[in-house]
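2 protein chains.
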Amino acid sequence: MQETEIGEPMSSQPSSPKRALTRDAVLDAAAAMVKKDGPRALTMRKLAAELGTAVTSIYWHVGNRESLLEALVERTVTDLGEIRAQGRTPASRIVSVTRALRAQLRGHPHLVAMVHERGLTERMFQPATQALVHEVHAAGLRGTRAADVVRSLLFQVVGFVLVERNRERAPVQYPGDESLWDEATAEHDPALAKGLTGPPDPERLFLLSVRAMVDGLLGPAPR
Amino acid sequence: MQETEIGEPMSSQPSSPKRALTRDAVLDAAAAMVKKDGPRALTMRKLAAELGTAVTSIYWHVGNRESLLEALVERTVTDLGEIRAQGRTPASRIVSVTRALRAQLRGHPHLVAMVHERGLTERMFQPATQALVHEVHAAGLRGTRAADVVRSLLFQVVGFVLVERNRERAPVQYPGDESLWDEATAEHDPALAKGLTGPPDPERLFLLSVRAMVDGLLGPAPR
DNA sequence: AGCGAGTCTGTAACACTGTTACACCGCCCG
DNA sequence: CGGGCGGTGTAACAGTGTTACAGACTCGCT
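Quick note, the sequences are listed as chains A and B, same order. If you're matching positions, the first sequence starts at 1 in our numbering and goes up one per residue. If you're matching positions, the second sequence starts at 1001 in our numbering and goes up one per residue.
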């Protein structure tokens, strides 16, 4: 792989047939493909075809497929930027951080799965963790107790988004939702059966569970 | 694919060279391979070699790879069995259900990822959902409120296990944990820095967050 | 006994994947 | 002018899922 950026060799045309290939151009094209059809659809040959070049050029610029995906993840993660808390009470500020984090993740749908598969979770959530640490401190918690709270919240948000994405990707559940909740299994609570049938409202569910968890975590002393 | 079970053709030897191949034998071998090296290591050719047969026989018995994995998931899910709650207070009984669910999932490490990738989450958690519905009812909640609570808890457990598995699979985080939390980023709280460095104790963290969430969910009225 | 049908297996191929050995081309520098 | 370096292209290798097709084997019927 080359280390430094290269200058354009000869032609002065900005984007025409014989524009020199750069690492960034490869990453851009790869990012576009991943954004459109997911990481699985990114094959080295298709990428080369998209760029109008040969496979080996791709390899020269990015090493191999794994490095390419890694670079992609890295780039998106650093582009995410930091997270600012909003609200007045510590609890509401914490909730706002989790909402911002979830929004960031949902803004890059494929990223979540990619980061998940590569085990880069910690790295990715550093900014959010930072913000959470600050707010938890502001709420008066210190030391291991504070660390536990932060970690619980991070697990909660990440897990929620993972499950949420899963549901979106698999539109038809098997067997169908409706067959699962009849009179008996719902214990004669039709409203509950209705509530458990069909897709949940993720926004509402997320707020509900995060608020519950924050209340539970900030409230009483640990048992 | 054949529909009915077949009898043994001729030989009376139980497991020797020319034992007829059955769908169950294929599933067993596949399950063993997945259990040992994960779903990715299951290739049709390796599976055929393991069984001492040809690839096409596998295809005849199970259709294709996707169906094979699906059948595997299906079989393990139905084998999981139901979940019984333990404890006296509704809160502790709910917590016990979530713990049992997590234990089930952790008992079949690869299953979680497979179910996740196939979007069979709902199907898989039917027994746990059932138990949770019962306990939430016992706690005095009904209708949509109860449904929300159940769903929040399921999301929580599944998400937690997903994140937890992720951490286990990727032993070396990048960059290393220790470099992330110095004096400044930890806001001069060394105990917190220590708490956030290195792998968490999942058992403790799980209990903590589930209890917090249960407390928050069962406690005050929804806002 | 013959024969056909259904069940199952093996050979060989197709299209596709990531990856690489190797030849080549064009530019810049000495 | 010549050599090296940066970058590209051709063609191959090994491995993947999948399937068309030709058989083998067993059973049941005539």
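Heads up, the beta-carbon is just placed ideally off N, CA and C, and yes, glycines get one too. None of the values given here were measured: they were computed from a predicted structure.
Inter-residue distance for E1050 of chain B and L1069 of chain B is about 17 Å (C-alpha atoms, whole angstroms).
Between V112 of chain A and V161 of chain A, the beta carbon gap of about 6 Å places them in contact (Cβ cut-off 8 Å).
About 5 Å separates the CB atoms of S1096 of chain B and G1087 of chain B; that is less than 8 Å, so the two are in contact. Annotated three-state conformation of L51 of chain A is helix, per DSSP. Annotation for V1034 of chain B: L1042, L1072 and H1110 place their beta carbon closer than 7 Å to its own, counting only its chain and skipping 5 residues before and after. Each residue's CA atom was taken as its position, placing P1199 of chain B and A147 of chain A some 12 Å apart.
Against chain B, the CB of G107 of chain A has no partner CB under 8 Å away; the residue lies outside that interface. Scanning the segment 48–121 of chain A for uninterrupted alpha helix (DSSP H) segments of 4 residues or longer gives 55–62, 65–80, 90–107 and 109–118, listed from N- to C-terminal end. In the structure shown, the three-state DSSP call for F1206 of chain B is helix.
In this structure, A:F125 is the residue among A:A139, A:F125, A:P190 and A:R145 with its C-alpha nearest to the C-alpha of G159 of chain A. The residue among A:E187, A:T89, A:F155 and A:A139 with its C-alpha nearest the C-alpha of L1141 of chain B is A:E187. Annotation for R1169 of chain B: the continuous alpha helix (DSSP H) segment containing it runs G1143 to R1169.
With a cutoff of 8 Å on beta-carbon distance, L1080 of chain B and Q1104 of chain B are scored as near each other. Judged by DSSP secondary structure, T22 of chain A falls outside any alpha helix (DSSP H); it is assigned neither H nor E.
Separation of the CB atoms of H1137 of chain B and D189 of chain A is rounded to 7 Å, and the pair is thereby assigned contact status at 8 Å.
Counting the other CB atoms within 10 Å of its CB gives T1089 of chain B a total below 16, which places it among the exposed residues. Judged by DSSP in its simplified three-state form, H188 of chain A adopts coil rather than helix or strand. In the DSSP annotation of this structure, the continuous segment of the alpha helix (DSSP H) that includes A1128 of chain B starts and ends at Q1126 to A1138. For the segment 1139–1164 of chain B, residues whose beta-carbon sits nearer than 7 Å to a beta-carbon of chain A comprise R1142, G1143, T1144, A1146, A1147, D1148, V1150, R1151, S1152, F1155, Q1156, V1158, G1159, F1160, L1162 and V1163. Counting only Cβ-Cβ distances below 9 Å, H1137 of chain B has contacts in chain A at E187, D189 and L192, in chain order.
Judged by beta-carbon spacing, V62 of chain A lies beyond the 8 Å limit of R123 of chain A, meaning their Cβ atoms are not closer than that value. For T1089 of chain B, no chain A residue has a Cβ inside 8 Å of its Cβ, as the nearest lies near 12 Å away.
Residue-level contact by beta carbon fails for V73 of chain A and chain B, as no gap is shorter than 8 Å. Taking 8 Å as the cut-off, the beta carbon of L217 of chain A is found closer than this to the beta carbon of A1212 of chain B. Residue-level contact check: H1134 of chain B touches chain A, since one or more beta carbons of chain A fall below 8 Å from its beta carbon.
G1038 of chain B sits in coil when the DSSP states are folded into three classes, being neither helix nor strand. Straight-line measurement puts the Cα of R1145 of chain B at about 23 Å from the Cα of A1100 of chain B. The C-beta of D37 of chain A comes no closer than 8 Å to any C-beta of chain B. At a C-beta separation below 7 Å, G81 of chain A has no neighbours in chain B, since its nearest C-beta there lies roughly 16 Å away. Of all alpha-carbon atoms in A:G195, A:L192 and A:R151, the one lying nearest the alpha-carbon of K1194 of chain B is that of A:R151. Against chain A, the CB of H1110 of chain B has no partner CB under 8 Å away; the residue lies outside that interface. Annotation: R1084 of chain B to R1065 of chain B spans about 34 Å, alpha carbon to alpha carbon.
In the displayed model, D201 of chain A falls within coil according to three-state DSSP, outside both helix and strand. Annotated as proximal: L1021 of chain B and S1057 of chain B, with beta-carbon spacing under 8 Å.
Below the 7 Å Cβ cutoff, chain A contributes R151 as neighbours of P1200 of chain B, in chain order. In this structure, the straight-line span from the alpha carbon of A1025 of chain B to that of A1048 of chain B is close to 11 Å.
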